[in-house]
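Working notes, beginning with the structure itself.
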Amino acid sequence: MQFKLTLSETLRPLLAVLLAFLLGGLLMLIIGKDPFGIYGKMLAMSLGNSYGIGQVLFRATPLILTGLAVAIPFQAGLFNIGGEGQVLMGAFACAVIGAALPVGLPWVVAVPLCLIAAMLAGSVWGGVAGLLKVHFGINEVITTIMLNFIAAAIAGYFLTNVFAVESTIRTKEIIGGARLARLEFLFPRSPVNLSLILSIGAAIAFYFVIYKTKYGYELRAVGLNAEAARYAGISNEKHVLVSMMAAGAMAGLVAANSVMGYKGYYEAGQSSGAGILGIAVAMLAGSNPLWIIFSSL
76 MQFKLTLSET LRPLLAVLLA FLLGGLLMLI IGKDPFGIYG KMLAMSLGNS
126 YGIGQVLFRA TPLILTGLAV AIPFQAGLFN IGGEGQVLMG AFACAVIGAA
176 LPVGLPWVVA VPLCLIAAML AGSVWGGVAG LLKVHFGINE VITTIMLNFI
226 AAAIAGYFLT NVFAVESTIR TKEIIGGARL ARLEFLFPRS PVNLSLILSI
276 GAAIAFYFVI YKTKYGYELR AVGLNAEAAR YAGISNEKHV LVSMMAAGAM
326 AGLVAANSVM GYKGYYEAGQ SSGAGILGIA VAMLAGSNPL WIIFSSL
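With the sequence shown counted from 1, adding 75 to any position gets you this note's numbering.
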């Protein structure tokens, strides 16, 4: 029975992707285009060479993290739509801290400091929604949507009035020791960097936490039936708050890719919708952290 259930959960997203391709092909035929030729060119450009593969992996990296930001609280019955704001706060904090560090600071110190700053900022932003849910019963969908706009306003204000380089809409560049190396030896000329390894590692780690630990069992119990979990002695409030903070930390970690691995600074509108796309990634993967790695592609 468990195998059949797992197989069903696996096939559903695959069938959804296949159906999307079929519908897209049908529309191409209707307008007189060759779907096989178009799909063939698309695959050749994205997967036909190392540069194309690198570009795909570079763009998948933030989606793995924002997918996790949706999937983790979803296990507790929560719907986090605040990934966009959490990404912004994490990227902004990472860039500000990274630019303020001493120039000669070694990477073994600079990189962890920037990662912690990004995760902490995102975690605090996710935790705000968790606290409002726990203490006031305010629906997390409403609060996370509102917090997206508040995050954009806060980052925009401080960027414009405090941290922006003159005549630009970006911060100063982070120090060299805080930069993440690109995977040039595998994907020449591509921006894919070590944050890809971090994101995959995070997905694997959360899979084991959710499905192989007592905490994960309790988290899923809260999501399946909060009242039954409470009667069993499980603290719903703790799991709501911790899952939202963990979600925010994962969204904040997108800064490892966008700031530390690519641009080297924060600029207005840097998230590029990764927080919203993470919702689709998580839903396509059935909120399974391992499947998120593949659905992000």
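Think of the CB as a built atom: it goes at the ideal place given N, C-alpha and C, for glycine as much as any other residue.
Under a 10 Å Cβ-count criterion, Pro137 is classified as buried, with 16 or more other Cβ atoms of the shown protein chains found around its own Cβ. If you look at Pro364, you'll find it in the alpha helix (DSSP H) that goes 364-370.
In this structure, the beta-carbon distance from Ala228 to Leu140 does not fall below 8 Å. Fewer than three pairs of CB atoms, one per stretch, sit closer than 8 Å, so the segment 332-341 makes no contact with the segment 91-105.
Taken through DSSP and simplified to helix, strand or coil, Thr243 comes out as coil. C-alpha of Leu269 to C-alpha of Thr235: approximately 30 Å in a straight line.
Proximity of the segment 161-180 to the segment 306-326 meets the contact definition, three or more beta-carbon pairs being nearer than 8 Å. Counting only runs of at least 4 residues, the segment 76-158 fully encloses the following alpha helix (DSSP H) elements, listed from N- to C-terminal order: 77-105, 110-122, 125-149. Residue state for Glu302 is assigned as helix, using DSSP reduced to three classes.
The beta-bridge partner set that DSSP reports for Asn268 consists of Arg257. Per DSSP, the beta bridge partners of Glu342 are Arg245.
Counting the other Cβ atoms within 10 Å of the Cβ of Leu299 gives fewer than 16, which makes it exposed.
Distance between Phe260 and Leu271, taken at the CA atoms: about 14 Å.
Between the segment 180-188 and the segment 277-296 there are fewer than three C-beta pairs closer than 8 Å, too few to call the two in contact.
Look at Thr218 here: in three-state DSSP terms it is helix. Distance from the CA of Ser125 to the CA of Leu273, rounded to the nearest whole angstrom, comes to 20 Å.
Where Leu234 is concerned, there is no enclosing alpha helix (DSSP H), because DSSP gives it neither an H nor an E. Per the coordinates, the alpha-carbon of Ala166 lies some 44 Å from the alpha-carbon of Gly107. For the pair Ala144 and Gly353, the Cα-to-Cα distance works out to about 8 Å. Between the C-alpha atoms of Leu255 and Gly350 there is a straight-line separation of about 22 Å. Per the coordinates, the alpha-carbon of Gly231 lies some 28 Å from the alpha-carbon of Ala357. C-alpha of Leu153 to C-alpha of Val297: approximately 10 Å in a straight line. Ala330 and Ala193 have their C-alpha atoms some 6 Å from each other.
Annotation: the continuous alpha helix (DSSP H) that includes Pro187 extends over 182-211. For Ala331, there is no enclosing alpha helix (DSSP H), as DSSP gives it neither H nor E. One Cα belongs to Leu316, the other to Gly348, and the distance between them is close to 25 Å.
According to the DSSP assignment, Leu352 belongs to the alpha helix (DSSP H) that extends over 349-359. In the pairwise beta carbon analysis, the segment 211-229 is classified as not touching the segment 355-369: fewer than three pairs are separated by under 8 Å.
Setting aside the 5 residues that flank it on each side, Pro266 is surrounded in the same chain by Gly129, Gln130, Phe133, Arg257, Gly336, Tyr337, each with a C-beta closer than 8 Å to its C-beta; the list follows chain order.
Within the same chain, and ignoring the five residues on either side of Ala360 in sequence, the residues whose Cβ sits closer than 6 Å to its Cβ are Trp366, Ile367, Ser370.
Distances from the CA of Ala253 to each of Gly201, Val183, Phe281 were compared; the closest alpha carbon is that of Val183. A straight line joining the alpha-carbon of Gly251 with that of Gly202 spans about 31 Å.
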